[in-house]
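Going from the sequence shown to this note's numbering is simple: count from 1 and add 1408. Ideal Cβ placement from N, Cα and C applies to all residues, glycine included. The next block holds one structure in the form of structure tokens; read it before the comments.
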Amino acid sequence: MIIALDGPAASGKGTIARRLAAHFRLPHLDTGLLYRAVGAKALAEHVNFEDVAALERLAGALDPAALDPESLKAGAIGEAASRVAALPGVRAKLLTVQQDFAHQPGGAVLDGRDIGTVIAPQAEVKIFVTATPEARAARRHAELVGRGEAVTFEQVLADIAKRDERDSGRASAPLLRADDAEILDNTHLGVEESWQAALAIVARRQGLGGAR
């Protein structure tokens, strides 16, 4: 079973994806980490973000097994990730990695921006997780402040708006809801409520008649 979760930044799709993976004992890939890793590498090596060829080389040399999620959560890296993710050449370099992960024996859970539309359009379960920009900014702001970053809510909200525009407007694999994806709007839902809603969607799509 392939479970595809898509949605904008800070919608909570990653948290839901991890819990679904643990529940169904499936491997999980946060595809955003791949782009964050490329962005982080570009920042560390002072690569010009206008140098598309250099960014493509970084993507081609990426080792998914070496990703460190905690080190890739800084706000600056999120902005860098959004910029490199808009480049068709970078996306092409990382496409095979994501598709191979999705199609491993037994299935997998993946979350990102284009899982249900590009990476695994044949996924048995597709969920589009979303929330208002204000709700998402509040969550991301709390997360960043909790890690000791000095950032205001207004700055985070502006960054969310910029990333939404870039993710939805890019020419290559823009953020879109797959036609057969169920929408999970968690603007007014807590973590547990979001998780239960996602579990119910999986149950419906698999014809289980309930969560197991």
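For residue i, report the span of its beta strand (DSSP E) as first-last.
{"i": "A1488", "result": "Here A1488 belongs to no beta strand (DSSP E); instead the alpha helix (DSSP H) covers G1483 to A1493."}
{"i": "A1639", "result": "Beyond the ends of the chain as shown, which are 1409 and 1620, falls residue 1639; an answer cannot be given."}
{"i": "V1517", "result": "A1516 to G1520"}
{"i": "L1437", "result": "H1436 to D1438"}
For residue i, which three-state DSSP category applies?
{"i": "D1508", "result": "helix"}
{"i": "A1453", "result": "Inspection of the sequence shows that residue 1453 is occupied by Glu rather than by Ala. Coil."}
{"i": "I1609", "result": "helix"}
{"i": "V1559", "result": "coil"}
{"i": "E1573", "result": "helix"}
{"i": "E1532", "result": "coil"}
{"i": "G1615", "result": "coil"}
{"i": "D1587", "result": "coil"}
{"i": "L1475", "result": "coil"}
{"i": "L1442", "result": "helix"}
{"i": "T1525", "result": "helix"}
{"i": "L1597", "result": "coil"}
With 16 as the cutoff for other CB atoms within 10 Å, does residue i come out buried or exposed?
{"i": "V1599", "result": "exposed"}
{"i": "A1467", "result": "buried"}
{"i": "R1620", "result": "Residue placement at R1620 is flagged as unreliable, the pLDDT there being 38, under the threshold of 50; the coordinate-derived value follows with that caveat. Under this definition R1620 is an exposed residue."}
{"i": "A1510", "result": "buried"}
{"i": "T1416", "result": "Here residue 1416 is Pro; the residue named in the question, Thr, does not match the sequence. Buried."}
{"i": "G1556", "result": "exposed"}
{"i": "P1541", "result": "buried"}
{"i": "K1449", "result": "buried"}
Roughly how many whole angstroms lie between the Cα atoms of residue i and residue j?
{"i": "A1474", "j": "V1537", "result": "27 angstroms"}
{"i": "F1561", "j": "S1419", "result": "16 angstroms"}
{"i": "E1551", "j": "I1568", "result": "14 angstroms"}
{"i": "G1554", "j": "R1547", "result": "11 angstroms"}
{"i": "Q1507", "j": "D1438", "result": "13 angstroms"}
{"i": "L1584", "j": "S1576", "result": "7 angstroms"}
{"i": "A1543", "j": "L1441", "result": "22 angstroms"}
{"i": "S1490", "j": "G1520", "result": "12 angstroms"}
{"i": "A1365", "j": "R1426", "result": "The requested residue 1365 is not part of the displayed model; the chain covers only 1409 to 1620."}
{"i": "N1456", "j": "Q1604", "result": "43 angstroms"}
{"i": "R1578", "j": "E1453", "result": "25 angstroms"}
{"i": "P1513", "j": "G1483", "result": "35 angstroms"}
{"i": "T1595", "j": "A1469", "result": "38 angstroms"}
Just to confirm my understanding: we take residue i, look at its own chain, exclude 5 residues before and 5 after, and list those with CB closer than 6 angstroms. What are they?
{"i": "G1515", "result": "M1409, I1410 and L1434"}
{"i": "V1492", "result": "Y1443, V1446, G1447, L1463 and V1498"}
{"i": "P1582", "result": "S1576"}
{"i": "V1564", "result": "A1545, R1548 and H1549"}
{"i": "S1580", "result": "P1496 and R1499"}
{"i": "L1502", "result": "L1442 and A1467"}
{"i": "D1593", "result": "T1538"}
{"i": "D1572", "result": "P1416"}
For residue i, which residues of its own chain have a beta-carbon under 7 angstroms away from its beta-carbon, when the five flanking residues on both sides are left out?
{"i": "G1524", "result": "A1412, D1414, A1531, K1534, A1586 and A1589"}
How far does the alpha helix (DSSP H) with residue i in it reach, from first residue to last?
{"i": "V1553", "result": "P1541 to G1554"}
{"i": "G1422", "result": "K1421 to F1432"}
{"i": "E1464", "result": "V1460 to G1468"}
Identify, in the order they occur along the chain, each residue of the same chain with its Cβ nearer than 8 angstroms to the Cβ of residue i, setting aside the five sequence neighbours on each side.
{"i": "G1617", "result": "Because G1617 sits at a pLDDT of 42, beneath the cut-off of 50, its placement in the model cannot be relied upon, and the following sentence gives the value as read from the coordinates. Closer than 8 angstroms at Cβ, skipping near neighbours: A1611."}
{"i": "Q1614", "result": "M1409, E1532 and V1533"}
{"i": "I1424", "result": "L1413, D1519, I1535, V1537, L1592, S1602, W1603 and A1606"}
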